[in-house]
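Sequence order for the protein chains is F and L. Going by this note's numbering, the first residue of the first sequence is number 106, and it counts up by one from there. Going by this note's numbering, the first residue of the second sequence is number 137, and it counts up by one from there. Encoded as structure tokens, the structure appears first; notes follow it.
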Amino acid sequence: MIDRRIAIAVAILALLAVPYAITEVYYVNIASQILLYAIFALGLNVLVGYAGLVSLGHAGLFGVASYAVASLLAAGHGHAIAILAALAIGLVATAGFAALSLRATGISFIMITLALGEILWGLAYRWISVTNGDNGVNVATRPMPFGIALTAARSFYDATLIVFLVAVAATAIFVRSPFGAALCGTRDQPRRMNALGYHVWMIRFGAFMFSGLLTSIAGILFVYYNQFISPQALQLNASAEALLMVISGGAGTLLGPVVGAGLVVIMKNVVSAYIERWNFMLGAIFVAIVVFMPEGLVPGAVRLSRSAWRAMSRAKTAVAPVAERKP
Amino acid sequence: MTALAVASLNKSFGGLRVNTNVNLKVEPGERRLIIGPNGAGKTTLFNLITGELVPDSGSVVLFDRDITRLASRKRAHLGMARTYQIITLFAHDTILRNATLALLGLSPLRWSPLVALERQQHLMAQAHAALKRVGLDHIAGRPLAETSYGEKRRVEIAMALAQNPKVLLLDEPFAGLSIDERRDVRELLVAIPRDVTIVMIEHDMDTALDLADRITLLHFGEVIVEGTRAEVVADPRTREVYLGE
């Protein structure tokens, strides 16, 4: 228990130190991107990992919140109103998304979310009077919480880090709660859960809303990070990328999606500067993960280190009796 | 007042009539055994009683309350619990978590996303007590995947009993068990107090017969014989349908 607290404290200090360790603005921005995508992946993981419902339309929900902020700011509203309204709009969109897609599970669920995501992308692309179509919407300024300007890369990183830490803590509390346990139950044995007195649909709906909340928060951070939003952010590609973050890091684990977000963002932005065919690299890495750690990087690393530990202690105990036998 | 009354229940899957005009009246505290060859419609009858299937016609009444159209989960809250013929447990979790989920199902706490489940002392104590009842408390922390088949059967029963049911439906609780395990489960069932009404499906006549007060024989979805243990065993139709010549 104390070990864990120390580990958490060290991790938070390390994250706080990032902008000081890598002073280059470009890399600080990459770090901010990792954190905001990690929030997105945390949200998607609530559905994919804990509810067993794979969504391929989450970029649509991400985009709804982004466009809501951008449009409200463009209409002349303040940041506070834009952010709160975007969260509300994001949650309403999530509720509609959930109500339509939770009629099914498995492959059918994936297909419905895919279709809904594409509809939202289509709206962003074609509903030009609201979204400005392919040209996108510009966001002139970043907010100033408590009078602190977030214009600089470092201050934006700090703000994103705070939101990220709150999101991780909220997810940790959520998955350890009775509701989280019930959610995992509906993933593994929905029939039994129903017979035990649980409202399976409502539990899934609640999980979807939490997922939508985190996704909307990530969408809002995204639009402030880029100060621009275009239909590209809602593409199927973006949904698939988020899903890859969750699966490569380890679905159904707390930190898996965070690691996955780091992997994908680094591949996309850093490695692509050195290797032209970075998509090929990313693909090769995913194949390697699927082959060697099908459960994802985080649980895979835990498994490997445990078996290494076991092999080491076994080697020790195997040697010991021989030594004792000596007279 | 009858604990469980099934009246003129019908269910077809396409052209196949799996339950035809089934009538059943189980008194409070009774132990009712339902027997019948494979495909007689026993498990379908259970699924109709618990609400996993909706009957084509007829009614299911639990303590004078018509529950024919009531959702499965609401029947659990009215005091109906069941076990499954095919083990239906949470395979990735520990034995303790399985029992906890059974208790949580009837607790308003199940909606809470803000408290830590492990810290709910009362609930955890109840879960340990439920496991103690079936003799599994000493391995409560063991992952279900690492338990024997017999232990899984007992977890099934522990989960049903943890819900403190008024009517307990047991679907082949002895299926696939060794002789020793059968004896253990049998003792467990005998120890259930009489304020719980039990309806049990069982193939294994030798183990189950002397647990039952009354026996219902199903064949091709119809009730062929119903009566006390002696009556049903002595009935020539039982021999014809079930026990063989």
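Where a beta carbon is used, it is the ideal one built from N, C-alpha and C, also for glycine.
Taking DSSP's pairing of strands, which residues face residue i in a bridge?
i	result
residue 168 (chain F)	Looking at the DSSP assignment, residue 168 (chain F) forms no beta bridge with any residue, so it has no partner.
residue 195 (chain L)	L:143
residue 355 (chain L)	L:358
residue 334 (chain F)	F:242
residue 418 (chain L)	The structure shown does not extend to residue 418 (chain L), since chain L is modelled only from 137 through 381, so no value can be given for it.
residue 201 (chain L)	L:198
residue 279 (chain F)	Answer is none; residue 279 (chain F) lacks a bridge partner.
residue 148 (chain L)	L:153
residue 419 (chain F)	Looking at the DSSP assignment, residue 419 (chain F) forms no beta bridge with any residue, so it has no partner.
Taking Cβ positions, are residue i and residue j nearer each other than 8 Å?
i	j	result
residue 417 (chain L)	residue 139 (chain L)	Here chain L has residues from 137 to 381 only, and residue 417 (chain L) is not among them.
residue 338 (chain F)	residue 168 (chain F)	yes
residue 354 (chain F)	residue 364 (chain F)	yes
residue 290 (chain L)	residue 326 (chain L)	no
residue 359 (chain L)	residue 373 (chain L)	no
residue 296 (chain L)	residue 233 (chain L)	no
residue 288 (chain F)	residue 219 (chain F)	no
residue 304 (chain L)	residue 270 (chain L)	no
residue 333 (chain F)	residue 244 (chain F)	yes
residue 301 (chain F)	residue 237 (chain L)	yes
residue 185 (chain L)	residue 142 (chain L)	yes
residue 170 (chain F)	residue 324 (chain F)	yes
residue 150 (chain F)	residue 401 (chain F)	no
residue 158 (chain F)	residue 202 (chain F)	no
residue 199 (chain F)	residue 285 (chain F)	no
residue 321 (chain F)	residue 192 (chain F)	yes
residue 249 (chain L)	residue 377 (chain L)	no
residue 261 (chain F)	residue 270 (chain F)	no
residue 130 (chain F)	residue 258 (chain F)	yes
Which stretch, first to last residue, makes up the beta strand (DSSP E) that contains residue i?
i	result
residue 363 (chain L)	358-364
residue 217 (chain L)	216-218
residue 161 (chain L)	152-162
residue 307 (chain L)	303-307
residue 333 (chain L)	333-337
residue 167 (chain L)	167-171
Are any of the Cβ atoms in chain F nearer than 8 Å to that of residue i?
i	result
residue 209 (chain L)	yes
residue 224 (chain L)	yes
residue 160 (chain L)	no
residue 382 (chain L)	Outside the displayed span of chain L (137 to 381) sits residue 382 (chain L), for which this structure offers no information.
residue 142 (chain L)	no
residue 241 (chain L)	yes
residue 251 (chain L)	yes
residue 281 (chain L)	no
residue 228 (chain L)	yes
residue 212 (chain L)	yes
residue 265 (chain L)	no
residue 354 (chain L)	no
Against chain L, with Cβ distances strictly below 8 Å, would residue i count as a contact?
i	result
residue 281 (chain F)	yes
residue 322 (chain F)	no
residue 121 (chain F)	no
residue 303 (chain F)	yes
residue 293 (chain F)	yes
residue 356 (chain F)	no
residue 361 (chain F)	no
residue 290 (chain F)	yes
residue 201 (chain F)	no
residue 284 (chain F)	yes
residue 274 (chain F)	no
residue 431 (chain F)	With a pLDDT of 44 at residue 431 (chain F), under the threshold of 50, the predicted position of this residue should be treated as unreliable, and no value is reported.
residue 420 (chain F)	no
residue 287 (chain F)	yes
At a CB-CB cut-off below 9 Å, which residues of chain A make contact with residue i?
i	result
residue 188 (chain L)	Any reference to chain A falls outside this structure, whose protein chains are F and L.
On the CB-based measure, 16 or more other CB atoms within 10 Å of its CB, does residue i come out buried or exposed?
i	result
residue 213 (chain L)	exposed
residue 237 (chain F)	buried
residue 155 (chain F)	buried
residue 417 (chain F)	exposed
residue 258 (chain L)	exposed
residue 226 (chain F)	buried
residue 178 (chain L)	buried
residue 235 (chain L)	buried
residue 240 (chain F)	exposed
residue 206 (chain F)	buried
residue 388 (chain F)	exposed
residue 274 (chain L)	exposed
With residue i as the anchor, note down where its alpha helix (DSSP H) starts and where it stops.
i	result
residue 391 (chain F)	383-397
residue 201 (chain F)	184-206
residue 180 (chain L)	178-186
residue 145 (chain F)	130-150
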